[in-house]
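Numbering (the numbering used here), first residue to last: 9 to 556. Note that beta-carbon positions come from the ideal geometry of N, C-alpha and C, so glycine has one too. One structure is given here, and the rest of the page talks about it.
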């Protein structure tokens, strides 16, 4: 088979090997948002992660009770630590006090992974959510746990926010047997936005500003003992020491930050070569002041980016196939004739387990203020549904245990959204519009309706907080079920409309029958674009040519 056909076939059969360059976080401070909320977005991008909504109910424990620590990625038992006397209600990655935590893995120096540590990054997140009332307290909980029990994971960047402020924290371990962690946490200035995506981004930091910067006492000296740094304290860069940026870190990771920033800054063009991996000394700023206020919908749409509108638009090159699919299966890099090439790693990706936009709102009581906009699978082909972070029961369609990566469930939102997405991938150029239409109708409707739900909950809260909490629980469950039913209708609609590569005609919301009303009218059969047919003709020579 000739070259163009080989490329297309390889694109379809590449394996789903895990790639650590997963997950994307955006952070919006209160002064930068359109409504005064603090927002954190997160996509949990893993080929082995099942998308479900975690729930840790509030509880009280007697002294001596132990908490089992299970590695979030593998399910490996790590050990046990003392349980807290009191824990808070957690829905997904947000708790009842409106604390939100997300992460992206950057790995860093492999020798810094502590294989004897007990606490992995996932456990750090959910332990902190159960034990913290503020973002600053969450930083303290996470760092003290890592210090006491050892940090098992590779390098991590964390988004940590509450209703008033937002932080970015980066952490690495001290290697096997070197209990503790090396870390820096910076408070993002109000009015600014930040982002991270699998590349350490904190460079230099203030050493005497505890209001805005916290760090481990040996973060610099440890690097000196290893021979990784010998300059002054003022010039020490966390990223350049523990996770130096290279082509991969820029092209696969920083480019996602760049693409989000460019929507809110007129100055990002000068960092494009850096984001492409070609000018690594010209690093982007850690945060920027946006040129307009950022809305929740802006953040949702930012998570759906495929580098549209740039020269790297994934719909535009041959790898997109004849139907403009903005996805490439793994691995990210591949070789032909001894030369290495890459696929783009963009924000929206097919292997997402779940994703969210957490929204903390200071003008409301904590019970009402926290909204955890939750979705499963690819952000570009899924809708977010509002889940109040004080709710006491998760919807069955999102619930943990309803299906798994090894077991299909017809009542699982994860499997339903995957069903729609994987069908849409076959004819993305036409089917994506139908998916996006329903997606935006749902989200826009929810964004308008939550103000009504807020008002109703506030009225109930003034009379009886428990009644308000039950209302918000019922509301969240109802909306999740509505999303599921709407997506089920979408799945059926797509199958009927696009079956066998045809496209049925429609009129006034109904498929058009033939003139006898006995079957469907002759469907459109758009076939392939001319540029693709020309490639086939050039590749096959006379093989497919019709004899004159």
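Check your understanding: Is it buried or exposed for residue 507, if we count other Cβ within 10 angstroms and need 16 for buried?
Key -> exposed
**Q.** Buried/exposed call for residue 264, threshold 16 Cβ in 10 Å
**A.** buried
So what does DSSP say about residue 175, is it helix, strand or coil? strand
Task: Opposing strand residues paired with residue 407 [DSSP bridges] - done: 61
Discussion item. Checking 7 Å against the spacing of the C-beta atoms, do residue 328 and residue 389 come in under that value?
Written reply: no
If you draw a straight line from the C-alpha of residue 393 to the C-alpha of residue 236, how long is it? 46 Å
Open item on the list: Distance check for residue 552 and residue 61, CA to CA, integer angstroms please.
Closed with: 52 Å
Q) Can you tell me whether DSSP reads residue 194 as helix, strand or coil? A) strand
* To do: Using the DSSP secondary-structure output, state which residues sit across from residue 221 in a beta bridge.
  => 194
* Opposite residue 202 in the DSSP bridges: which residues? -> 35 and 295
Check your understanding: In the structure shown, what three-state DSSP assignment does residue 424 receive?
Key -> helix
| message | How far does the alpha helix (DSSP H) with residue 131 in it extend, from its first residue to its last? | response | 129 to 139
- Return the chain-ordered list of same chain residues with a C-beta closer than 8 Å to the C-beta of residue 505, the five sequence neighbours on each side being excluded. 442, 511, 512, 514 and 519
Exercise for review: Taking only runs that begin and end inside the segment 332 to 386, name each unbroken alpha helix (DSSP H) of 4 or more residues, in chain order.
Suggested key: 374 to 377
Inset, instruction - Could you say which of 468, 216 and 252 lies nearest to residue 241 if we only look at CA atoms? - result: 216
Requested in this report: Along the beta strand (DSSP E) that carries residue 289, what are the first and last residues, could you check?
Outcome: Unbroken run through residue 289: none, as it is neither H nor E.
**Spatially closest choice to residue 177 from 33, 74, 88 and 42, by CA coordinates** = 33
Residue of 181, 48 and 38 minimising C-alpha distance to residue 363
48
Discussion item. Whole angstroms are fine: how far does the CA of residue 448 sit from the CA of residue 321?
Written reply: 22 Å
Alpha carbon to alpha carbon, what distance is there between residue 427 and residue 381?
21 Å
### Own chain, CB closer than 8 Å to residue 78, minus 5 neighbours either side, in chain order
84, 85, 86 and 131
The beta strand (DSSP E) spanning residue 74 covers which residue range? 74 to 78
Next on the checklist: Measuring straight from C-alpha to C-alpha, what distance separates residue 560 and residue 200?
Outcome noted: Here the chain has residues from 9 to 556 only, and residue 560 is not among them.
_Using the Cβ count rule (16 or more neighbours within 10 Å means buried), how would you classify residue 345?_
exposed
Among 525, 120, 169 and 405, which one has its Cα closest to the Cα of residue 486?
405
request  = Using 10 angstroms around the beta-carbon of residue 554, count the other beta-carbons present and answer buried if the total reaches 16, otherwise exposed.
outcome  = exposed
Problem - Contacts around residue 212, its chain only, beta-carbon distance under 6 Å, and the 5 residues preceding and following it disregarded - result: 245
For residue 515, which of helix, strand or coil comes out of DSSP? strand
Query - the segment 398 to 413 in contact with the segment 289 to 309 per 3-pair CB rule at 8 Å - result: no
Can you give me the Cβ contacts of residue 188 inside the same chain, cut-off strictly under 6 Å, excluding the 5 residues immediately before and after it? 155 and 182
inquiry  = Does residue 339 pass the burial test, meaning 16 or more other C-beta atoms within 10 Å, or should it be called exposed?
reply    = exposed
* Residue of 315, 41 and 445 minimising C-alpha distance to residue 351 -> 315
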